[in-house]
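Residue numbers (the numbering used here), protein chains in the order written: chain A, 1 to 219; chain B, 220 to 438.
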DNA sequence: ATCACCCTACCTGTTTCCCGGTATTCGGTT
DNA sequence: AACCGAATACCGGGAAACAGGTAGGGTGAT
């Protein structure tokens, strides 16, 4: 019986080490390469076309797991991709699925579920844990939490404006600095509040800080 | 040579499994118990007073790692505690140190650093990774004296109101919930802005989140 | 008992933000 | 070609926040 070759992309070195140790206990699994961000993961896949599965974290610096997945799919690689991540929000899940992952398992899962996912996916099936499926279902029914992940579902311009809002600039000041009409900035602010599902500026700032959009020590 | 007995508290079961596998490779380390949240961790420590080190994650449901640390210290236990977490912001670090952890290592670290931390702490020393020390130093150097040290120079009532502001409550809502006049809440808000040296709500929320007054988790 | 805070409350403006629209242009995708 | 998202801009009205005061009662410390 052929063993399953694994690539891992996660910025938590400790987690990668732990996962490798965990997987080395399984006879039929073999970790052949690792990467610490999405960009490296894309390169890693090109370097190891013989690998069976790439395990990606959603939240990573440089290039997140979803962008990496999209890039790999765009390259035409048939590499199987399993998202193994902290993010259990429906937004992350749906975007991951749309990007083309073959499975989605949350880090709170037990290792048995995880190994099950690897074997299923290696066999050509898909695998989504119960928790993930539930999150997707409940998101259809009502208010879901879109965020909490590393990457916000907002455009670059919106991100820029959000960062300035979190740095205490008023609408008018942002408009001046970006050479925009205050109306435009207001529109962006409005869209941000809507997209991120918050009520006001306070909510925007909280998300901006929590997701690391503004650094503790800015400018 | 006596082996080091470890307890682990982390809500990511996968991470716990990986860590256990990783530690089982080291001859002198032995995982004797695990917990999935802070409350369980406190109980676990009482159940295993013979353990040498408790490894805690900062972000956990039910009771976070910092509260758990405080609770364990309050119980008079001399248990050594190592924070092993994703959070690299100075607010989390200072709060953890104040709560009484013996070490702080980030999940992006290499396993060698981690094992080094375990051995140092077991030997009665403290261990803080370079990254952590740098974060602390820059937090001390960068800002004005008012905010450093994690503790805000504000009264309990102000802290309470600041937390609510950061949770997107409006002045009127806060007044209702605290049985106060909106005028009073406005006065507090005014004083907060002045005391913390910011311009508006955005600044208040930024500080509230960065100092950990509002948890990244829940709601 | 005076001082320093804290907590409470009020008043008057002004500024900023929030909501609900509409609308055009541009660049990709289908 | 039709569609969609991003980015731009505009309007009117209402809600909330901000600024700069005043002020009395409480508590703990010097």
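The beta-carbon is built from N, C-alpha and C at its ideal position, and this holds for glycine as well. Quantities reported herein were computed from a predicted structural model and do not represent experimental measurements.
With its beta carbon less than 9 Å from one in chain A, residue 237 (chain B) belongs to the interface. Listed along chain A, no residue sits closer than 9 Å to residue 315 (chain B) by beta-carbon distance, the nearest being about 15 Å off. Residue 7 (chain A) is a Cβ neighbour of residue 31 (chain A), given a cutoff of 9 Å. Assigned with DSSP and collapsed to three states, residue 58 (chain A) falls in coil, not helix or strand. Taking a Cβ-Cβ threshold of 8 Å, the residues of chain A close to residue 328 (chain B) are 13, 14, in chain order. Judged by DSSP in its simplified three-state form, residue 23 (chain A) adopts helix. According to DSSP, residue 252 (chain B) shares a beta bridge with B:226. Between residue 103 (chain A) and chain B, the shortest Cβ-Cβ separation is not below 9 Å. In the displayed model, residue 264 (chain B) falls within a helix according to three-state DSSP.
About 7 Å separates the Cβ atoms of residue 189 (chain A) and residue 161 (chain A), confirming a contact at the 8 Å cut-off. For residue 424 (chain B), the chain A residues whose C-beta falls within less than 7 Å of its own C-beta are 202, 205, 206, listed in chain order.
Within the same chain, and ignoring the five residues on either side of residue 289 (chain B) in sequence, the residues whose Cβ sits closer than 8 Å to its Cβ are 318, 319. Annotated three-state conformation of residue 342 (chain B) is coil, per DSSP.
When only Cα atoms are considered, residue 156 (chain A) and residue 268 (chain B) end up about 52 Å apart. With respect to chain A, the C-beta atom of residue 390 (chain B) has no partner C-beta closer than 9 Å. In this structure, residue 65 (chain A) places its C-beta atom within 9 Å of the C-beta atom of residue 96 (chain A). Going by C-alpha positions, residue 335 (chain B) is about 15 Å away from residue 243 (chain B).
Scanning its chain for C-beta atoms nearer than 7 Å, with the 5 sequence neighbours on each side dropped, one finds around residue 113 (chain A) the residues 105, 129, in chain order. Residue contact with chain A for residue 418 (chain B): present (Cβ-Cβ distance below 9 Å to some residue of chain A). Beta-bridge analysis with DSSP links residue 415 (chain B) to no other residue. In the three-state reduction of the DSSP assignment, residue 423 (chain B) falls in the helix class, which pools H, G and I.
Residue-level contact by beta carbon holds for residue 428 (chain B) and chain A, with a gap shorter than 9 Å. With a contact defined as Cβ atoms closer than 8 Å, residue 276 (chain B) and residue 304 (chain B) qualify at about 5 Å. A direct Cα-Cα distance of roughly 18 Å separates residue 385 (chain B) from residue 399 (chain B).
According to the DSSP assignment, residue 381 (chain B) belongs to the alpha helix (DSSP H) that extends over 375 to 385. Taking C-beta atoms as the reference points, residue 54 (chain A) and residue 80 (chain A) count as a pair closer than 9 Å. Just measuring C-alpha positions, the residue of A:109, A:184, A:33 sitting nearest residue 230 (chain B) is A:109.
In the three-state reduction of the DSSP assignment, residue 409 (chain B) falls in the helix class. Approximately 5 Å separates the beta-carbon atoms of residue 241 (chain B) and residue 18 (chain A); this is inside 8 Å, confirming the contact. Under the DSSP assignment, residue 103 (chain A) falls in the beta strand (DSSP E) whose first and last residues are 103 to 106.
Judged by beta-carbon spacing, residue 260 (chain B) lies beyond the 9 Å limit of residue 233 (chain B), meaning their Cβ atoms are not closer than that value. Using beta-carbon distances, residue 116 (chain A) does not count as an interface residue toward chain B, since no partner is under 9 Å.
Approximately 5 Å separates the beta-carbon atoms of residue 270 (chain B) and residue 224 (chain B); this is inside 8 Å, confirming the contact. Ranked by Cα distance from residue 420 (chain B), the options A:186, A:183, A:191, A:169 are led by A:169.
The beta carbons of residue 427 (chain B) and residue 394 (chain B) sit no closer together than 9 Å. Rounded to whole angstroms, the separation of the alpha carbons of residue 402 (chain B) and residue 373 (chain B) is 19 Å.
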